[in-house]
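Asker:
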Amino acid sequence: MLHIPTADEIGKRIDKFLAEREELTRSAIQKYIEEGAVTLNGGPVSKNYLLREGDAVEIEIPDPVELRAEAEEIPLDIVYEDDDLLVVNKPKGMVVHPAPGHSTGTLVNALLWHCRGTLSGINGVLRPGIVHRIDKDTSGLLIVAKNDFAHKGLAEQIRAHTFLRAYEAIANGGFREASGTVDAPIARHPVDRKRMAVVPGGREAVTHWEVLEPLGAYTHLRCRLETGRTHQIRVHLSHIGHPLFGDTLYGGGRTKIEEQYAKLSGGQCLHARSIGFVHPRSGESLFFESPLPPYFRLLLDRLRT
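Just so you know, my numbering puts 104 at position 100 of the sequence shown, and the rest follows in order with no gaps.
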């Protein structure tokens, strides 16, 4: 598509100009520029070019490539399974569902092999069975629905805040109180679209935290989610001045020991320790707990000494 800047757009950076015209993020436009999909007056251009009078900017956005999740024989740590659902202990480093840059090796790829097609379809072909997610570098428990009946019943418990999700984490700094609550709305960061942030008018987000063990310059915490926003614990703890150990996206990862830890096991130190819910078919109350993984235990031992 051809774009001619108007008088009030002269002097604007080309990536910002196209982002506004095409209603895309600047990072997406910059990627198209790097790939040669954007031309200026028939030739290549840099992302920081400032528009001039008479410029003609053309962008050819490639057709989207349809992503489909394929079954892969990947071992799973299954804590519980029946005809309606299963509870999986996800390892640190595993992506939950396929996305650009992560089309294979995800939890969904493994589930498609294990369940042989018996997964709920509510969340589409890329997220079959996924009722809730945890981040790539967060380890621990999550629940998977095998059919739409189970998915709807579990999702309703999450909406009603009756689905228990408790995490353990190591955070920067010491806490004056033994426990507390962060009640602060979360939305996409207004500038950095890869991050979430506490934003007035964002979606309601509530995290309850409790100190398990002071560790000098760090603290071992238990966090319970009342809501389930993207990156919620990471955002909330950073917001109150205690970013997670190793979480470079939200202000952690800056100390020497965190840099050493990153070489062994990168990303935030956060483990989905336990979940509790009512079985959507039987009505039975179920509770599952995952032991702290080796990376977490080793870090605790190191910080204690």
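Every residue gets a Cβ at the ideal spot worked out from N, C-alpha and C, and that includes glycine.
If you follow the beta strand (DSSP E) that I174 is in, where does it begin and where does it stop?
Answerer: First-last of the beta strand (DSSP E) with I174: 168–176.
Asker: Counting C-beta neighbours from all protein chains within 10 Å, is the total for G58 16 or more, i.e. buried, or is it exposed?
Answerer: When all chains shown are included, G58 counts as exposed.
Asker: So I33 packs on D12, CB below 8 angstroms; how close in whole Å?
Answerer: Rounded, the Cβ-Cβ distance is 19 angstroms, inconsistent with contact.
Asker: If you reduce the DSSP assignment to three classes, tell me which class F249 lands in.
Answerer: Coil.
Asker: Tell me the rounded alpha-carbon separation between I162 and R207.
Answerer: Their backbone Cα atoms lie some 15 angstroms apart in a straight line.
Asker: On a CA-only basis, which of F153, R197, G125, I14 is nearest A60? Give me that one, please.
Answerer: Per the Cα distances, I14.
Asker: In the DSSP assignment, find the beta strand (DSSP E) that holds I33 and state where it starts and stops.
Answerer: Counting along the chain, I33 falls outside any beta strand (DSSP E), though it belongs to the alpha helix (DSSP H) covering 30–38.
Asker: Of all the options G177, H136, T122, which has the alpha carbon lying nearest to the alpha carbon of L219?
Answerer: Among G177, H136, T122, the Cα nearest to that of L219 is on G177.
Asker: Taking the alpha-carbon positions, what's the P48 to A41 distance?
Answerer: The alpha-carbon atoms of P48 and A41 are separated by roughly 9 angstroms.
Asker: By DSSP, does N52 sit in helix, in strand, or in coil?
Answerer: Correct three-state label for N52: coil.
Asker: What are the partner residues of E214, as DSSP defines its beta bridges?
Answerer: In the DSSP output, where bridge partners are listed per residue, E214 has S183, R226.
Asker: Please work out which residues of its chain come closer than 8 angstroms, Cβ to Cβ, to L296, disregarding the five sequence neighbours upstream and downstream, and give them in chain order.
Answerer: If we look at L296 and ignore the five residues flanking it on each side, its Cβ neighbours are E172, H275, R277, L304.
Asker: With respect to the beta strand (DSSP E) encompassing N93, which residues constitute its N-terminal and C-terminal limits?
Answerer: Taken as a continuous stretch (DSSP letters only), the beta strand (DSSP E) holding N93 covers 89–94.
Asker: I'd like to know if R137 contacts chain D, where contact means its C-beta is closer than 7 angstroms to some C-beta of that chain.
Answerer: Although the question refers to chain D, the structure presented lacks it and comprises just one protein chain.
Asker: Please classify S183 as buried or exposed, where buried requires at least 16 neighbouring CB atoms within 10 angstroms.
Answerer: Looking at its Cβ environment, which holds fewer than 16 other Cβ atoms inside 10 Å, S183 is exposed.
Asker: Between the beta-carbon of R17 and the beta-carbon of N52, is there less than 7 angstroms?
Answerer: Contact: yes.
Asker: I'd like the span of the alpha helix (DSSP H) that includes Y254, first residue to last.
Answerer: Y254 -> no alpha helix (DSSP H), and no H or E assigned at all.
Asker: Three-state secondary structure (DSSP) at A154?
Answerer: A154: helix per DSSP, three-state reduction.
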